[in-house]
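Visitor: Take this structure, written in structure tokens, and hold onto it; I'll ask about it next.
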């Protein structure tokens, strides 16, 4: 039986013009933005940048805090049976560089989506933050 725990996450919504970059997770085949666990003693902003680099190959330069999300909808069950309730510190940025390269162990695909055509199959823990971002940034 898996363990239940609380996880602090750091995430970045990458956007340019009227598009957001999303990744399709290979464990649940859902789409989401980029992020992951903040390691013990790690600065949240550093964790967010590290996760983006690991998952996309992109280096985030400047970013802004979008919001802090928590609650029962930020639940994720991992393939190993562990269950996490997430507190997600979400940043946004259009200041990044590098060549797009997906992390093969966790990411099936990376794709730019128009903000008015976000896919329906969003990863449940990121749904609320991403839809909030899109509703505030649509042209």
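In UniProt numbering, the protein residues as written are 1 to 139.
The beta carbon of each residue, even a glycine, is placed where N, CA and C say it ideally should be.
Evaluate residue 136 with the Cβ neighbour count: other Cβ atoms within 10 Å of its Cβ, from every protein chain shown; 16 or more gives buried, anything less gives exposed.
Guide: Taking the chain shown and counting its residues from 1, the one referred to as residue 136 is at position 136. Label assigned to residue 136: exposed.
Visitor: Sort 51, 5 and 9 by Cα distance to residue 101 and report the nearest one.
Guide: Numbered from its first residue, the chain shown carries residue 101 at position 101. Cα-wise, what sits closest to residue 101 is 51.
Visitor: Measure the Cβ-Cβ separation of residue 107 and residue 25 and say whether it is below 8 Å.
Guide: As a working note, residue 107 is residue 107 in the chain shown. As a working note, residue 25 is residue 25 in the chain shown. Against a cut-off of 8 Å, the Cβ pair of residue 25 and residue 107 comes out as a contact.
Visitor: Can residue 33 and residue 22 be called in contact, C-beta distance under 8 Å?
Guide: If you number the chain shown from 1, residue 33 lands on position 33. If you number the chain shown from 1, residue 22 lands on position 22. Yes. Within cutoff.
Visitor: Should residue 125 go down as buried or exposed, given a rule of 16 or more other Cβ atoms within 10 Å for buried?
Guide: Position 125 of the chain shown holds residue 125. By the 10 Å Cβ count, residue 125 comes out buried.
Visitor: Could you tell me the boundaries of the alpha helix (DSSP H) in which residue 137 lies?
Guide: Taking the chain shown and counting its residues from 1, the one referred to as residue 137 is at position 137. It spans 124 to 137 - the alpha helix (DSSP H) in which residue 137 sits, taken as one unbroken run.
Visitor: Where does residue 54 sit, in a helix, a strand or coil, going by DSSP?
Guide: Your numbering for residue 54 matches position 54 in the chain shown. DSSP places residue 54 in helix when its eight states are reduced to three.
Visitor: Is there contact between the region 36 to 44 and the region 111 to 127, where contact requires at least three CB pairs shorter than 8 Å?
Guide: In short, these stretches do not touch, since the Cβ pair count stays below three.
Visitor: So, at 8 Å on beta carbons, what are the nonlocal neighbours of residue 45 in its own chain, with the 5 sequence-adjacent residues on each side left out?
Guide: In the chain shown, residue 45 corresponds to position 45, counting from 1. If we look at residue 45 and ignore the five residues flanking it on each side, its Cβ neighbours are 10, 63 and 91.
Visitor: Identify every run of the beta strand (DSSP E) within the UniProt domain "Nudix hydrolase" (5 to 135), keeping only runs that are complete inside it and at least 3 residues long; order them along the chain.
Guide: Runs found: 19 to 25, 34 to 37, 64 to 69, 75 to 77, 83 to 93 and 107 to 114.
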